[in-house]
Structure formats: C-alpha cells, structure tokens
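Engineer:
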Amino acid sequence: MKKFMTRTNDNVNMEEFKKNFNPIDFSQQQPIEMTIQHNPTEYMMNNMIVVEPSDDTMVDNKIVRDNLMNRTYVLDKIKQLYLLDKLNYCTPKMCAEYFEVDYNTIKSCIKRNIDELIENGLVRKTGKELKEIINNVGYNMHLISNRTEFIYDEQSFRNNTNILLTKRTVFNIAMLLRDSVVAKEVRKAILDNLEEIDYVLPNKLNKVYNMIDKTPKSKEELQKIEDDIQLRKQQIANLSDHDKIDLLFKMVHNIYFDTNTKW
116 MKKFMTRTND NVNMEEFKKN FNPIDFSQQQ PIEMTIQHNP TEYMMNNMIV
166 VEPSDDTMVD NKIVRDNLMN RTYVLDKIKQ LYLLDKLNYC TPKMCAEYFE
216 VDYNTIKSCI KRNIDELIEN GLVRKTGKEL KEIINNVGYN MHLISNRTEF
266 IYDEQSFRNN TNILLTKRTV FNIAMLLRDS VVAKEVRKAI LDNLEEIDYV
316 LPNKLNKVYN MIDKTPKSKE ELQKIEDDIQ LRKQQIANLS DHDKIDLLFK
366 MVHNIYFDTN TKW
C-alpha cells in the first residue's frame, strides 16, 4: 500500500532546511530509521510522518487526499455521475444525488472544506457568467428565466452567485463524507486500486519473467508465456497515466534495491 509523507513540523525555516539538507546517497543505501507511533496508520521514517491510506485517513488527512486526487475515474466504477448538459460541471444538488445524501450534508461539507475544494475545481459563477458559458455552447434556448433565477438542464440557478463542482471536486468530496454509503464505496475502490497497482500487477509481471527463466520450454509453455505477456500489456494499457507512473517507479525501486527481483 502507498504511504504518503508529511513533515513533523509545518513551520520549517527553509533557509535552515537548505543549509542542513544532505541528499541521500542511494549507492550507500543508508539505513532507514523507523519508529512505530500510537496510531497504526502512521509511523516515523527519517523524521517524517508516513501516513498509510485508509478509509479513516482519507477523511481525516488532507495530504492523503492530495496524493490520491488523480484517481477520479473511480467515481464511474461505483455509479454514473451526471454533469450539466454540455458543461463539465455539476451542482451541489446533483452531487448530493450521486452520494445519496441530503442536500444540506453537501452544503455543510462545502462550507467546512471550501479552500480545499476550490483547489480541486470548485468555482463560483454569477448568473450572468453562467448564462454566458451556456450561450457559448449554443444552449441559450434551453434557459427559462425570471427575476431571481433561471433553469438550465432541469437545474435551478440563482442570478447572483452559484457554486459549481467539477468531477475532481466531487471526487474530493467522496474522501470527505464519512457516513455516505456511496462515498465509502468510492474510498474502498481507491484502496483496491492502490493494492492492484502496488502488489497484484507487479507480482503478476514477476511471474511472467520467472516463467521465461525456466528451461527447457515446450511450444505450449512458450505460447502460455506469450499469452501472459499480452495480458499484462493490456492491463498496463488500461491504467491511467498516473498509475502507469506509479508502476514504473515501483519497478525502478525494485530493480535498484532488490537484485533478486526480475522485471
């Protein structure tokens, strides 16, 4: 499972840090100092807190959430997220429908975490700005307006300020809603995906190369090897770019630190 690091002291003097910073000489493979803390999801490694992703740490720890934000595709594995027609946004009410929670639950979550959600795509648009966006995609004929609000794609918008959420914002909210059943399913899918990338796929690749090392090989063995290789290639091709990078780093790490590992 991936482990995400954060400094033990957020008020670090950067000049002092630069002066005392010594790059790790990997050729010497310096021993790692590790101390288990009272929290089983955290431990100290070289004066850094290492946080393991879990359902609880996703909800409680922003660093864990930040390191998982490139996995928005997990949302679609759980259920379909509906966005406004021709726009890459949904409303807080549409978000509440996705997570099967009360609208006020989403409003409270947004209020508590507004800065983080803005970092991940939440925008505020006036009615005028939103109408211009809708007009630009050629759907102004779908607007139904009065003095205080207008309707687009069966959603009601105010003429003053509206909050809009991107898919990334909704994914962020999935890691913040502690009690939503759907949000819990999203977090479980994230953890399952991490396990697949970190353990399952590399082990399968190892099996392929271990098979190649065995001699002699019959026609059937060679065909099985070829089929296995093609299957692994397909599995890797189906990964997101972010997960391909994760897998690459794991391969490089194993090559460097474990001479018995074959890739």
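So my numbering is basically just the index in the sequence shown, starting at one, shifted up by 115. No residue lacks a Cβ here, since even glycine has one placed at the ideal position from N, Cα and C.
Give the secondary structure of Ser223 by DSSP, where H, G and I count as helix, E and B as strand, and everything else as coil.
Structural biologist: It is helical.
Engineer: Could you give the first and the last residue of the continuous alpha helix (DSSP H) run that contains Arg180?
Structural biologist: Run containing Arg180: 177-183, per the alpha helix (DSSP H) assignment.
Engineer: Where Met149 and Lys177 are concerned, what is the direct C-alpha to C-alpha distance, given to the nearest angstrom?
Structural biologist: Summary for Met149: the model assigns pLDDT 39, below 50, so the residue's position carries little reliability; its value from the coordinates is reported in the next sentence. One C-alpha to the other measures close to 23 angstroms.
Engineer: Quick one, which of Cys205, Lys208, Leu232 has its alpha-carbon nearest Asp181's?
Structural biologist: When only C-alpha atoms are compared, the closest one is Leu232.
Engineer: Quick check: the Cα distance between Asp217 and Thr241, rounded to an integer number of angstroms?
Structural biologist: Spanning the two alpha carbons is a distance of roughly 24 angstroms.
Engineer: Using 8 angstroms as the threshold, is the C-beta distance between Pro382 and Leu306 below it?
Structural biologist: Residue 382 lies beyond the residue range present for the chain, which begins at 116 and ends at 378; the question has no answer from this structure.
Engineer: Determine the direct distance from the alpha carbon of Glu244 to that of Lys303, and round the result to whole angstroms.
Structural biologist: So the alpha carbons of these two residues sit roughly 37 angstroms apart.
Engineer: For Lys240, which three-state DSSP category applies?
Structural biologist: Reduced to three states, the DSSP call for Lys240 is strand.
Engineer: Please classify Arg273: does DSSP put it in a helix, a strand, or coil?
Structural biologist: If DSSP states are grouped into helix, strand and coil, Arg273 belongs with the strands.
Engineer: For Arg262, count the other beta carbons within 10 Å of its own beta carbon; 16 or more makes it buried, fewer makes it exposed. Which is it?
Structural biologist: It is exposed - the Cβ of Arg262 has fewer than 16 other Cβ atoms within 10 Å.
Engineer: In whole angstroms, what separates the C-alpha of Leu202 from that of Ile351?
Structural biologist: Their Cα atoms are separated by approximately 31 angstroms.
Engineer: Going by Cα to Cα distance, which pick from Asn235, Arg239, Phe214, Val297 is closest to Leu183?
Structural biologist: Out of Asn235, Arg239, Phe214, Val297, Asn235 has the C-alpha closest to the C-alpha of Leu183.
Engineer: Who are the Cβ neighbours of Ala211 in its own chain at under 6 angstroms, not counting the five residues just before and after it?
Structural biologist: For Ala211, where only same-chain residues beyond five positions count, the Cβ hits under 6 angstroms are Tyr218, Ile221.
Engineer: Indicate the three-state DSSP secondary structure (helix, strand or coil) for Glu264 in the structure shown.
Structural biologist: Of the three classes helix, strand and coil, the one that applies to Glu264 here is strand, per DSSP.
Engineer: Can you check whether the CB of Glu215 is closer than 8 angstroms to the CB of Val297?
Structural biologist: Yes, Cβ-Cβ distance for Val297 and Glu215 is below 8 angstroms.
Engineer: So Val285 and Tyr213 are in contact, right, with Cβ under 8 angstroms, and what is the actual spacing, rounded?
Structural biologist: Val285 to Tyr213, Cβ: 7 angstroms. Contact.
Engineer: CA-CA distance, Asp171 and Val238?
Structural biologist: Roughly 27 angstroms between the two C-alpha positions.
Engineer: Less than 8 angstroms separating the beta-carbons of Lys282 and Leu190?
Structural biologist: Yes.
Engineer: Helix, strand or coil for Leu279 per DSSP?
Structural biologist: Strand.
Engineer: For Ile266, does the count of other Cβ atoms within 10 angstroms reach 16, so buried, or fall short, so exposed?
Structural biologist: When all chains shown are included, Ile266 counts as exposed.
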